[in-house]
Amino acid sequence: QARSAISAARTAVTSRSRKDIGSLLRSALIADLAWYMAGKRYGKRVLALLCRISLSPDSCVRQTESLFHKWGAPSLLIAKFVPGFASIASAMAVAMGTRAPVFLLFDCLGAALWAGSALWLGLLFRSTVGDLLEVLESLGKWGLALIGSALVLFVLNRWWQRRQFIRSLRMARISVAELHDLHLLGSEPVVVDVRPAHAQGEGRIPGALAIPVDEIRKAVLDLPTDSEVIVYCACPDEASAAKVARLLMNKGYKRVRPLTGGIDAWVAAGHALEQ
């Protein structure tokens with residue numbers, strides 16, 4: 079059975095036809111359109127879900143939004159070639175206000191480019207892949223065991239990295255109500271906005287320092303290490319804010335907390351922003 083399974087795979091690799099590109103296109107477009115419609119119906123909740131299951135939720139929305147902000151809908155042309163971008167590009171297109179006809183145009187072109195590249199690479203390396211499968215076929219059940227072991231190790235490695243990242247996010251947080259009360263009482267903590275520059279232009283929590291997360295390592299905060307510092311972002315589970323908070327703690331700041339819900343929770347509570 080092991081030999082027949084590998085033999086079938088070798089036959090599939092060495093007998094590609096033009097129908098393959100059509101199958102790839104259909105699969106890609108159906109999946110992309112499904113995510114686009116989900117984003118249209120459920121809004122940012124879809125992005126939050128996708129980024130929660132991402133290995134890097136701190137950069138998931140931030141990097142994708144930055145790419146969309148810079149290139150707009152044409153960024154869909156390369157979406158499937160960018161790790162971590164393809165899975166949320168369709169939902170992000172809705173969040174960035176891309177109309178359905180424009181989305182379909184660039185998504186179709188991007189899918190065609192991706193499918194064509196995949197087919198071309200498959201044809202280019204067909205003999206090499208075929209040789210590899212022949213070796214696995216000669217190994218019989220040990221060939222399948224080798225493939226299975228590699229897959230298990232890959233999954234375990236991804237799970238371990240994800241687990242370590244989630245552990246790094248565990249820390250005390252401050253709610254929007256608590257932060258607002260501190261403002262009313264005149265106890266002004268240092269508030270740091272770590273969103274990308276283009277997002278900060280839409281408004282910040284009053285008095286917040288604008289330091290994008292990519293610049294936080296180089297930034298010098300001229301503050302006593304016992305100052306109360308509140309960090310906020312606009313990503314699921316305050317991932318970027320928690321990451322920055324941990325970095326500031328490592329620099330010696332003792333009272334650092336992410337803002338629960340970030341800027342979205344602040345706005346939802348009816349509080350004002352400043353430009």
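Here our numbering is used: the first residue of the sequence shown is 79, the next is one more, and so on. Just so you know, even glycine gets a beta-carbon here, dropped at the ideal spot from N, CA and C.
Asked: Residues near V272 in its chain [Cβ-Cβ closer than 8 Å; skip 5 each side]; Found: I289, P290, V291, I294, V309, Y310, C311, S318, A319, V322
Asked: Straight-line gap, V334 to W113 (C-alpha atoms, nearest Å); Found: 36 Å
Asked: Where the alpha helix (DSSP H) containing E266 begins and where it ends; Found: Counting along the chain, E266 falls outside any alpha helix (DSSP H), and DSSP gives it neither H nor E.
Asked: CB of Q353 within 7 Å of CB of G281, strictly; Found: yes
Asked: Burial state of L125, where buried means 16 or more other Cβ atoms lie within 10 Å; Found: buried
Asked: Endpoints, the alpha helix (DSSP H) within which R324 is located; Found: 317-328
Asked: Residues sharing a beta bridge with R333, DSSP; Found: E306
Asked: Environment of S266 [buried if 16+ CB atoms lie within 10 Å]; Found: The identity of residue 266 in the sequence shown is Glu, whereas the question assumes Ser. E266 comes out exposed.
Asked: Cβ neighbours of F159 in the same chain (closer than 7 Å, five flanking residues each side left out); Found: W192
Asked: Cβ-Cβ distance between L155 and L187 below 7 Å; Found: yes
Asked: A275 versus G330 - alpha carbon distance; Found: 26 Å
Asked: Per-residue burial, I341 [other beta carbons within 10 Å of its own, 16 or more giving buried]; Found: buried
Asked: Residue burial classification, A347 (beta-carbon count within 10 angstroms, cutoff 16); Found: exposed
Asked: E352 - partner residues in DSSP beta bridges; Found: R282
Asked: Beta-carbon contacts of Q79 that lie in its chain and below 6 Å, excluding the five residues immediately before and after; Found: The predicted position of Q79 is uncertain, since its pLDDT is 45 and thus under 50; a value taken from the coordinates is nonetheless stated next. Here the set comprises nothing.
Asked: CB contact flag (L287, V270, <7 Å); Found: yes
Asked: Which listed residue (L145, D259, M170, S101) has its alpha carbon closest to that of K122; Found: M170
Asked: Assigned secondary structure, A288 (DSSP; H/G/I helix, E/B strand, else coil); Found: strand
Asked: Euclidean distance between Cα positions of L222 and L229; Found: 11 Å
Asked: Start and end residues, alpha helix (DSSP H) containing G340; Found: 340-346
Asked: For T338 and A106, the rounded distance between their alpha carbons; Found: 36 Å
Asked: F232, buried or exposed, once every other Cβ within 10 Å from all chains shown has been counted against 16; Found: exposed
Asked: C-beta neighbour in chain C for G150, strict 7 Å; Found: Among the protein chains of the structure shown there is no chain C, as only one such chain exists.
Asked: Burial state of T372, where buried means 16 or more other Cβ atoms lie within 10 Å; Found: As shown, the chain starts at 79 and ends at 353. That puts residue 372 outside it, with no answer to give.
Asked: Beta-carbon proximity check, D110 vs S168, cutoff 7 Å; Found: yes
Asked: Alpha-carbon to alpha-carbon, I225 and A190; Found: 30 Å
Asked: Whether R251 touches P314 by CB criterion (7 Å); Found: no
Asked: Where S166 sits in the DSSP three-state scheme; Found: Residue identity differs from the one stated: residue 166 is Ile in this sequence, not Ser. Note: I166 maps to helix in three-state DSSP.
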